[in-house]
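Peer 1: Using this note's numbering, read the sequence shown as starting at 13 and increasing by one per residue.
Cβ coordinates follow ideal geometry from the N, Cα and C atoms, glycine included.
Because the structure is a prediction, the values reported are computed rather than measured.
Once you've had a glance at the structure underneath, I'll fire off some questions.
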Amino acid sequence: MELIKSREGFAPFGEYQTWYRVTGDLACGRTPLVILHGGPGCTYDYVDAYKDVAAGGYPVIHYDQLGNGRSTHLPHKPAAFWTVKLFLEELDNLLEHLGIGDRYALLGQSWGGMLASEHAVRRPAGLRCLVIANSPADMRTWVQEANRLREALPKDVQDTLLRHEAVEDYTAADYIAATRVFYDRHVCRLQPWPDEVARTFAQVEADPTVYHAMTGPNEFHIIGTTKDWTIVDRLGQINVPSLLISGRYDEATPLVVKPYLDLIPGIRWALFENSSHMPHVEERVACMGTVVKFLDENL
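Here you go:
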């Protein structure tokens, strides 16, 4: 199999830098696919598998959002600095820097899908299609469903979580271990976690600035600035072909993703039966095939 070349660079974003990587050739004439990672506050590493889409002929662009990975870190910025608007502006800046603003596709995973949806409801002229992977449309529903999934955890695990949350102690070893029980069921079911997934979690732990500001201490205790976020009332404004991806055991449960299905005209749904929150690693070949087929049919 021919090796697909990649290149890396930095896009100046005001006084900051956004790191990006292009897999494939932007000059090939095919519509590029931009990958928006989750968090907020994760890194590109755990969604690295989406570079496989380049084998289908589409250039693939990964980037680390501001504050994370290889982009500029800003650990002293207050929570109020980290806004949806900031990350929308960063995305627009990257599209312009790469010269692809007139024709591109977006794939957002988890928080990345929230961000991609926020971008899409503005009906930008260059957006050709949209993939929303494992994303909430409303954070209150996400928390409601997370609490329901927590109730199925072993009682000692639930008790440990509640005991530490009551005193806002999120760094205790037994709290982190209890969190991992939830993650192993509903975030990534592969054991051990793939290296790229572990790398992202290690980087969040090393600099949790954005994650803590916008989400909270973990995936199910949402106390950050996105806790009241919703896009439900605007989803009908999306006017490009759209695909929804989720997993059977996903923390993004069917109820969590339902607004996308109900409100985006003509959207399709791919539910991966052996996956949780990361079908792109848990069922990598099938997931990539689904994305490439969708792009082939709509670009």
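1. Just to check my reading of the structure: Gln29 and Ser83 have Cβ atoms closer than 8 Å, yes? What is that Cβ distance to the nearest angstrom?
2. DSSP three-state call for Ser258: helix, strand or coil?
3. So, are the CB atoms of Leu78 and Leu98 less than 8 Å apart?
4. In terms of residues, what are the limits of the beta strand (DSSP E) holding Val244?
5. Rounded to whole angstroms, what's the CA-CA distance from Glu20 to Gly81? Just pull it up for me.
6. Pair every Cβ in the segment 153–162 with every Cβ in the segment 260–269, then say whether three or more of these pairs are closer than 8 Å.
7. Quick check for students: name the residue ranges of the beta strand (DSSP E) that lie wholly in the segment 17–61, counting only runs of 3 or more.
8. Find out if the Cβ-Cβ distance for the pair Leu103, Ile73 is shorter than 8 Å.
9. Thinking just about the alpha-carbon of each residue, which of Ser254, Ser258, Lys239, Glu208 is nearest to the one in Gly305?
10. Within the segment 157–241, note down every full alpha helix (DSSP H) run reaching 4 residues or more, in order along the chain.
11. Pick out whichever of Arg135, Asp37, Leu247, Trp205 has its Cα sitting closest to the Cα of Asp57.
12. Taking 8 Å as the threshold, find out whether the segment 239–253 comes into contact with the segment 116–135 through three or more Cβ pairs.
13. Consult DSSP for Trp281 and reduce its assignment to one of helix, strand or coil.
14. For the alpha helix (DSSP H) that contains His85, what are its first and last residues?
15. Would you say Tyr75 and Trp31 are within 8 Å of each other, going by their C-beta atoms?
16. Whole angstroms is fine: what's the gap from Asn146's alpha carbon to Leu273's?
17. So what's Leu74 in DSSP terms, helix, strand or just coil?
18. From Ile47, Ile188, Val96, Thr221, pick the residue whose C-alpha is nearest to that of Tyr70; which is it?
19. What first and last residue would you give for the beta strand (DSSP E) that runs through Arg140?
20. Which whole-angstrom value describes the C-beta separation of Glu208 and Asp60, a residue pair presumed to lie in contact below a C-beta threshold of 8 Å?
21. Of all the options Glu285, Ile276, Glu163, Glu309, which has the alpha carbon lying nearest to the alpha carbon of Ile144?
22. Provide the residue(s) that pair with Ala117 in DSSP beta bridges, ordered along the chain.
23. Report all residues from its chain with a CB closer than 7 Å to the CB of His233; omit the five preceding and five following residues, and keep chain order.
Peer 2: Taking the geometry as given:
1. Separation of the CB atoms of Gln29 and Ser83 is rounded to 6 Å, and the pair is thereby assigned contact status at 8 Å.
2. strand
3. Leu98 is positioned such that its CB atom lies closer than 8 Å to that of Leu78.
4. Taken as a continuous stretch (DSSP letters only), Val244 belongs to no beta strand (DSSP E), as it is neither H nor E.
5. 13 Å
6. Counting Cβ pairs under 8 Å, three or more are found: they touch.
7. 18–25, 28–35, 45–48, all fully within the segment 17–61.
8. no
9. Residue 305 is actually Lys in this sequence, not Gly. The candidate whose alpha carbon is nearest that of Lys305 is Ser254.
10. 167–178, 185–198, 207–218, 221–226
11. Trp205
12. yes
13. strand
14. According to the DSSP assignment, His85 belongs to no alpha helix (DSSP H), since it is labelled neither H nor E.
15. yes
16. 12 Å
17. Note that residue 74 corresponds to His in the displayed sequence, not to Leu. Secondary structure of His74 (DSSP, three-state): strand.
18. Nearest C-alpha to Tyr70: Ile47.
19. 139–145
20. 5 Å
21. Ile276
22. Leu45, Cys141
23. If the five residues before and after His233 are omitted, its C-beta is found closer than 7 Å to the C-beta atoms of Glu177, all from its own chain and listed in chain order.
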